[in-house]
Every structure is written in structure tokens, then in C-alpha cells.
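Asker: In the UniProt record's numbering, the protein residues as written are 1 to 250.
Just so you know, even glycine gets a beta-carbon here, dropped at the ideal spot from N, CA and C.
Predicted model only: the values in this text are computed from it and were never measured.
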Amino acid sequence: MFVLSKNSGSNMDTPSFHDLKRQASFFFREKIKTARLVLTDATPAQLLTEEATSGNTWAPDTPTLRSISRAAFEIDDYTRIVEILHKRFLKFERKNWRVSYNSLIVLERLLTHGPESVAGEFRSDKDAIGEMESFHYIDEKGFDWGLAVRKKSKRILKLLEKGPLLKEERDRARNVTRGIQGFGSFSHQSSPAKGMLTESSSVTTLGRSNSQFDNEENQENQFSISNKGLPKEVKKSQQSHEVVMFQSGK
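#1: What residue from ARG170, SER134 and GLY114 has the CA that sits closest to GLY146's CA?
#2: Determine the DSSP secondary structure at ASP125, reduced to helix, strand or coil.
#3: Taking only the alpha-carbon atoms, compute the straight-line gap between THR79 and GLY179 and give it to the nearest angstrom.
#4: Between the Cα of THR64 and the Cα atoms of PHE73, THR57 and THR53, which residue gives the shortest distance?
#5: Three-state secondary structure (DSSP) at ASP139?
#6: Exposed or buried, what is HIS136 when buried is set at 16 or more other beta-carbons lying within 10 Å of its beta-carbon?
#7: If you count every other CB in all the chains shown that lies within 10 Å of the CB of PRO164, and 16 or more means buried, which is it?
#8: Closest by CA to ASN175, which one among THR112, TYR101, GLY55 and VAL106?
#9: Please state if the CB of LEU166 and the CB of LEU157 are separated by a distance shorter than 8 Å.
#10: Mind checking which residues open and close the alpha helix (DSSP H) that includes ALA72?
#11: Measure from the alpha carbon of ARG123 to the alpha carbon of each residue in ARG70, LEU48, SER153 and ALA148, then state which is nearest.
#12: Cβ of residue 251 within 8 Å of Cβ of ASN102?
#13: When DSSP builds the beta bridges, which residues end up paired with ASP144?
#14: Considering only residues of the same chain and omitting the five flanking positions on each side of GLU121, which have a CB-CB separation below 6 Å?
#15: Would DSSP call LYS151 helix, strand or coil?
#16: From what residue to what residue does the alpha helix (DSSP H) around GLU108 run?
#17: Would the beta-carbon of LEU110 fall within 8 Å of that of SER69?
#18: Could you pull out every residue in the same chain whose Cβ sits closer than 7 Å to the Cβ of VAL99, ignoring the five residues on either side in sequence?
#19: With a CB to CB cut of under 6 Å and the five nearest residues on each side skipped, what residues in its chain are close to ARG170?
#20: With burial defined as no fewer than 16 other Cβ atoms inside 10 Å of the residue's Cβ, what is the status of LEU48: buried or exposed?
#21: Just confirm the distance between the C-beta atoms of PHE92 and GLU131, as a whole number of angstroms; I'd bet it's less than 8 Å.
What follows is the structure, encoded as C-alpha cells:
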């Protein structure tokens, strides 16, 4: 009888059961999303928000958060996005704490980068968000997720207050964006990748985002891509250019 050895080289190339299960799950999720877009009135921003605020073990990434906050400037998408978040905050379930934590991350992005009306929209959820301040959980690797949830909920509650903090954070976010745009303008002139950048967000791909923020995303992408692989001398030149640019008030 032929028996495969545990150290067999062929086994190393064979996907594990968990890998296959994960791939199959991803495949079916994508198929369901496509079907919902075709057969229902669901929007890409709606599906993106649902995915970002689910119980995934990974937090929403920056491109996802950027796409959601930009889509929120469209009235239809704004309504869908806030409805999803209201449902997520309806009740804090400690067993499904990642749903609430990921929702806090999305809400934070909307507060600092989205429409100004977001703060007033979610002040009614302050009690539910406040429940997260007493959450405690340390995973098997020793990471204190409870602390992360408590810090995030505390920050959100401060942003929801009728004080200067929210305006300061929005101004800071705007200045960061303008700084990136300044880099993007310089990189646009020197980058060989000019004209080859594409939008990664499905919301933008389908043309549902606010046009004012399309230029912002393109310039951010130009900055990040054009600086990869540049010699140190070029990067230093860019840094010098930045100092001159900001000192001159441009």
C-alpha cells in the first residue's frame, strides 16, 4: 500500500482544506455581491460598507475607508451607509465585538472625511457606543483587543461632542490631503507611470462617487505609486521641493 509521507514535497504544493474553504467562501461572497448588484437596487458603496463592518478578523483598509467616505457625499449612498451603521450600533454584542469595532473605524473615517452631517446623525448612538468603553478581551496571542475597542469608542464619543475637536480633526485631515496633493503634483511631472494609474475602489469604478473627490484619490495614488522604487537622491529632491512649496504658501 502506498502511503504519502508527511514530509513529501508534493504535499507542500497541495492547498490545505482551510485554504480551499477560504477560497470557496470568497468566491461565493463575490458571486452574491454581483448578483445583488444586478438583481437588486443595492449599490457598490452599500456592499462595501456591509463588508467593512462585518465580523472580519481584519479591519477595513484605507482604500475601502476612502471609498466609503467619498460615496457618502452622494445622497442615496449616504442613506444606505448610515442605515447599515445604525444597525451595527443597535446593540453591542460582546461575542461579536469585531462588528462593532470595525463599524467604529468606518464611522471615524466618516466623521473626519465625510459629510459634516455625520456627527449629528450618530449622536443618537452615543449610549450604544459608550457600552464599548467597558469591554475587555485579550486574545490567545496576548493582544489586548479590549483596550483597542475602548480607545476607539472613547475617541468616537469625543468626536461626537459639540466641541472644537471634530473641526480640528477635519481640518487636519484636509491639510494632510492637500499635502499629498502637493506631492502628487510634483510626482505627476516626473513619474514614468503617468497615465497608467487606475482607481482601485469599486465605487469609483462604477462612477457613483462625488467628482470632487475623484481628483483627490487619483492624486493620492499618483503620490504613492510614483515614489516606489525611486533612488534616494530623487526622494531627497522631492522632500526639498516640499519644503520650498509649503514655505512659499503654495
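Answerer: Taking the coordinates as given:
#1: If you number the sequence shown from 1, residue 146 lands on position 146. Checking every option, the nearest Cα to that of GLY146 belongs to SER134.
#2: Locating residue 125 in the sequence shown gives position 125, where the first residue counts as 1. The answer is helix: DSSP assigns ASP125 an H, G or I state.
#3: Taking the sequence shown and counting its residues from 1, the one referred to as residue 79 is at position 79. Taking the sequence shown and counting its residues from 1, the one referred to as residue 179 is at position 179. Each residue's alpha carbon lies about 31 Å from the other.
#4: Within the sequence shown, the letter at position 64 stands for residue 64. Measuring from the Cα of THR64, the nearest candidate turns out to be THR53.
#5: To locate residue 139, count along the sequence shown from 1; it is residue 139. Of the three classes helix, strand and coil, the one that applies to ASP139 here is coil, per DSSP.
#6: Taking the first residue of the sequence shown as position 1, residue 136 is located at position 136. Classification for HIS136: exposed.
#7: For this step, residue 164 is matched to residue 164 along the sequence shown. Exposed.
#8: Translated into the one-based positions of the sequence shown, residue 175 becomes position 175. The shortest Cα separation from ASN175 among THR112, TYR101, GLY55 and VAL106 belongs to THR112.
#9: If you number the sequence shown from 1, residue 157 lands on position 157. If you number the sequence shown from 1, residue 166 lands on position 166. No.
#10: Your numbering for residue 72 matches position 72 in the sequence shown. First-last for ALA72: undefined, no H or E at that position.
#11: Numbered from 1 along the sequence shown, position 123 holds the residue referred to as residue 123. That would be SER153, whose Cα lies nearest to the Cα of ARG123.
#12: Absent from the model: residue 251. The displayed extent of the chain is 1 to 250, so no value can be given.
#13: The residue you call residue 144 lines up with position 144 of the sequence shown. ILE138, per the DSSP bridge assignment.
#14: Against the sequence shown, residue 121 aligns to sequence position 121. Excluding residues within five positions, the ones whose Cβ falls inside 6 Å are VAL82.
#15: Mapped onto the sequence shown, residue 151 falls at position 151. Three-state DSSP puts LYS151 in a helix.
#16: For the purposes of this step, residue 108 is identified with residue 108 of the sequence shown, where counting begins at 1. From DSSP, the alpha helix (DSSP H) with GLU108 extends over 97 to 113.
#17: Position 110 of the sequence shown, counted from the first residue, corresponds to residue 110. Position 69 of the sequence shown, counted from the first residue, corresponds to residue 69. Yes. Within cutoff.
#18: Position 99 of the sequence shown, counting from 1, holds the residue named residue 99. Same-chain partners within the cutoff: THR53, SER54, GLY55 and ARG88.
#19: Residue mapping note: residue 170 aligns to position 170 of the sequence shown, counting from 1. Within the same chain, ARG170 has close Cβ partners THR112.
#20: By one-based count along the sequence shown, residue 48 stands at place 48. Result: buried.
#21: Translated into the one-based positions of the sequence shown, residue 92 becomes position 92. Translated into the one-based positions of the sequence shown, residue 131 becomes position 131. The Cβ separation is near 5 Å, so the contact holds.
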